[in-house]
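As numbered in the numbering used here, the sequence shown has no gaps in its residue numbers, which increase by one up to the final residue, 293. Input: a single structure, listed below in structure tokens.
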Amino acid sequence: MSENQHLLAEQRRALILDEVRRRGGVRVNELTRKLNVSDMTIRRDLDALARQGMLAKVHGGAVPVVEASTHEPGFEAKSGLELTAKEDIARAAAELVAPGRAIALSGGTTTFALAQHLLDVPDLTVVTNSVRVADVFHSAQRTSGQRQGAATVVLTGGVRTPSDSLVGPVADQAIASLHFDVLFLGVHGISVEAGLSTPNLAEAETNRRLVQSARRVVVVADHTKWGTVGLSSFAALEQVDTLVTDAGLPAEARAEVSDHLRQLVIAGEPGEPGEPGESGESGEATGA
């Protein structure tokens, strides 16, 4: 299957998911007419979305999966979802990072993908509360040795969450004493009404501290996060400078996002995501 065909399949599934969420359920024959594809194609799409836990199949169609706002999937459960989208987002977000900057990466599978694209950016200082993100940099240094220009990684302490983030008072105190040029933030959910949200109360507070310590906030989130609301909101959309997402985000959602954010980057589509140096002048993480 070619890359274009794969992207089209992801876009089609995003539209199916949007229909299911908006209408509370859809029938296969309705989707075949709306999307002008075969019955078999729609059934394959529903199978794929059901395997990802995005919807529930019923006889002749599909309905939404209703999850508790406190449900928090583990890192492994999330790591296999939307792989192409996350890779596109990571590649686009990495273009926003200039050498010598002090950046922060929150926990999450998309920031984990981003970390792998930052290994060759020289002289970075990376603050993170993600065990997985820290491991990306440490593993690279163990493999290639402590080369000149390798990133300096500051891993906060804290209590480990199911998504392998470190949260709580220890993490909050460490983050509050630092200032960084750009924060790359993964989220559980994003919406106009709830802003950025997570099912984990302690993680919400730690994310709040990350946002407060950043000169620029970049959210990295695939299209399936749009419209999802976790138990605790930790930032309004107006506190976000840039959203980097994928081509699966529907047109209506793009319009809503653009009304509230300074910059929307659709990874995998034409257009420059921004100049690497626009995130601030200082390249050091400094004490408060």
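Ideal Cβ placement from N, Cα and C applies to all residues, glycine included.
Tell me where the alpha helix (DSSP H) around residue i begins and ends.
i	result
S182	Looking at the DSSP string, S182 is not in any alpha helix (DSSP H), and its letter there is neither H nor E.
R26	8–28
Q217	206–217
A226	Looking at the DSSP string, A226 is not in any alpha helix (DSSP H), and its letter there is neither H nor E.
K39	33–40
D44	44–56
Expressed to the nearest angstrom, what Euclidean distance is found between the alpha-carbon atoms of residue i and residue j?
i	j	result
E24	H143	43 angstroms
R27	G253	16 angstroms
E257	A241	19 angstroms
F117	V216	18 angstroms
S238	A145	34 angstroms
V223	L101	9 angstroms
I195	L88	19 angstroms
G29	R152	54 angstroms
S182	V132	12 angstroms
T229	E15	11 angstroms
A219	R259	25 angstroms
N205	I94	24 angstroms
R221	V245	8 angstroms
L110	A90	18 angstroms
T203	R38	36 angstroms
R18	A199	24 angstroms
S43	R49	10 angstroms
V33	A67	8 angstroms
G105	L160	18 angstroms
D52	P255	21 angstroms
G273	L248	14 angstroms
L266	F189	15 angstroms
F80	D169	Note on F80: pLDDT 44, under 50, position unreliable in the model; no value is reported.
L40	L22	13 angstroms
G112	P167	10 angstroms
L60	P127	42 angstroms
E8	R96	Residue placement at E8 cannot be trusted, given a pLDDT of 41 that sits under 50; what the coordinates show is reported in the next sentence. So the two alpha carbons sit approximately 15 angstroms from each other.
S74	R147	Per-residue confidence for S74 stands at a pLDDT of 47, beneath the threshold of 50, marking its modelled position as unreliable; the derived number appears in the next sentence. Looking at the two C-alpha atoms, the distance is approximately 39 angstroms.
T233	L13	23 angstroms
A55	E92	22 angstroms
G279	V63	Confidence is the limiting factor: at G279 the pLDDT is only 48, short of 50, which leaves the residue's position unreliable, though a coordinate-based value still follows. Each residue's alpha carbon lies about 44 angstroms from the other.
L269	M45	34 angstroms
G231	V262	In the sequence under discussion, the amino acid at residue 231 is Trp, which differs from the Gly named in the question. So the alpha carbons of these two residues sit roughly 10 angstroms apart.
L20	Q178	42 angstroms
F185	I271	24 angstroms
E210	I180	11 angstroms
Between the Cα of residue i and the Cα atoms of the options, which residue gives the shortest distance?
i	options	result
R5	A103, V136, T157, R147	The question about residue 5 has no answer here: the residues shown for the chain are numbered 6 through 293.
T114	P127, S43, D140, V234	D140
S149	T89, D125, V131	D125
G162	M59, T250, L13, E208	E208
V197	R38, V33, E243	E243
P174	R214, V33, V159, V270	R214
V158	L123, Q268, G191	L123
V225	N41, V172, A120	A120
H193	H184, L236, L171	L236
V138	E210, I271, L171	L171
G154	E261, F185, T233, A103	A103
G191	H184, F185, L201	L201
G58	I180, F185, P69	P69
G65	L36, E92, R56	L36
Taking the beta strand (DSSP E) that residue i falls in, what are its first and last residues?
i	result
S202	200–203
L242	Where L242 is concerned, there is no enclosing beta strand (DSSP E), given that its DSSP letter is neither H nor E.
A156	A156 -> no beta strand (DSSP E), and no H or E assigned at all.
L300	With the chain covering 6 to 293 only, the question about residue 300 has no answer from this structure.
P69	66–69
K62	60–63
Assuming residue i and residue j are in contact, meaning their beta carbons sit under 8 angstroms apart, how far apart are those beta carbons, in whole angstroms?
i	j	result
L129	A156	4 angstroms
N212	A176	Contact doesn't hold; Cβ gap of about 10 angstroms is too wide.
I108	V31	Rounded, the Cβ-Cβ distance is 41 angstroms, inconsistent with contact.
D227	D251	5 angstroms
Against chain D, does residue i count as a neighbour if the rule is that its beta carbon must be under 8 angstroms from one of theirs?
i	result
I94	Absent here is chain D; the protein component of the structure consists of one chain.
TODO: Entirely within the segment 76–149 and at least 4 residues each: give me those alpha helix (DSSP H) ranges in chain order.
DONE: Fully enclosed alpha helix (DSSP H) runs of 4 or longer: 80–84, 88–99, 114–122, 136–149.
Open item on the list: Runs of 4 residues minimum, wholly inside the segment 244–279: which ones carry the alpha helix (DSSP H) assignment?
Closed with: 256–265
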